[in-house]
Ligand SMILES: [Mn+2]
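As structure tokens, this is what we get:
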């Protein structure tokens with residue numbers, strides 16, 4: 148069995164990210180992992196505090212490159228989220244994958260055996276692949292936020308209001324129903340052998356929520372007042 152970790156929604160580059168508090172845990176996991184899945188919104192280009200968007204891209208690519216180079220024993224899979232959906236950044240991912248044979252990227256999802264990894268924005272509404280693509284493209288046109296808006300947003304997160312509201316905005320059952328419908332549309336439902344779904348986006352950390360043949364696991368987010376965890380699983384070695 149191979150050890151695999153899933154983590155998402157670090158929101159690096161944004162001031163409100165508390166991911167630095169988890170570096171020790173993240174590094175320990177990466178050093179033990181054979182497969183490490185980064186599930187989207189790892190970077191937050193909309194709320195990046197760097198002087199220019201180009202610098203944000205530079206930092207993000209540098210961070211991924213550092214991982215791939217330092218932990219060459221580990222296969223990294225980067226799944227894009229809505230906050231990392233930034234042209235300048237996406238354009239660089241193929242180059243990174245060419246340079247490092249242990250770096251792979253996926254615009255929407257990754258399936259490994261009975262495990263399906265995705266960002267989770269497919270739970271925003273009833274999504275078809277086309278609607279999800281449109282939703283992502285709208286993120287390209289959303290303006291980058293300045294320091295004032297950023298400060299206001301930090302205050303909102305600090306108030307813990309988003310955390311308090313999330314069970315109402317994203318009830319587990321509704322989220323599971325929407326994701327299941329999306330997976331069936333793309334041909335990766337329980338009928339095709341998928342058993343476990345790992346995702347982020349809704350910032351609610353939970354494991355083992357069962358719904359119609361699927362078991363859902365959410366990583367949460369390292370933001371103040373939110374639950375956050377690395378999700379660990381074992382993957383079958385191929386050919387066994
Ligand atoms: Mn998201």
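Residue numbers (my numbering): 148 to 387.
Each residue gets a CB set at the ideal place from its N, CA and C atoms; glycine is no exception.
Between 349, 209, 345, which has its C-alpha nearest residue 309's C-alpha? 349
DSSP state of residue 169 mapped onto helix, strand, coil: helix
Tell me whether residue 364 is buried or exposed, calling it buried when 16 or more other Cβ atoms sit within 10 Å of its Cβ. buried
Compute the Euclidean distance between the alpha carbons of residue 357 and residue 262, then round it to the nearest angstrom. 14 Å
Just checking my contact of residue 161 with residue 194 at CB under 8 Å: how many whole Å lie between their CB atoms? 4 Å
How far does the beta strand (DSSP E) with residue 379 in it reach, from first residue to last? 378–382
Expressed to the nearest angstrom, what Euclidean distance is found between the alpha-carbon atoms of residue 245 and residue 239? 10 Å
Please report the straight-line C-alpha distance between residue 171 and residue 278, rounded to a whole angstrom. 38 Å
Member of 156, 151, 149, 212 whose CA lies at the smallest distance from the CA of residue 346: 156
Cβ of residue 268 within 7 Å of any heavy atom in ligand 1? yes
Write down every uninterrupted run of the beta strand (DSSP E) in the region 156–244 whose length is 3 residues or greater and which is fully enclosed by it, in chain order. 182–185, 222–226
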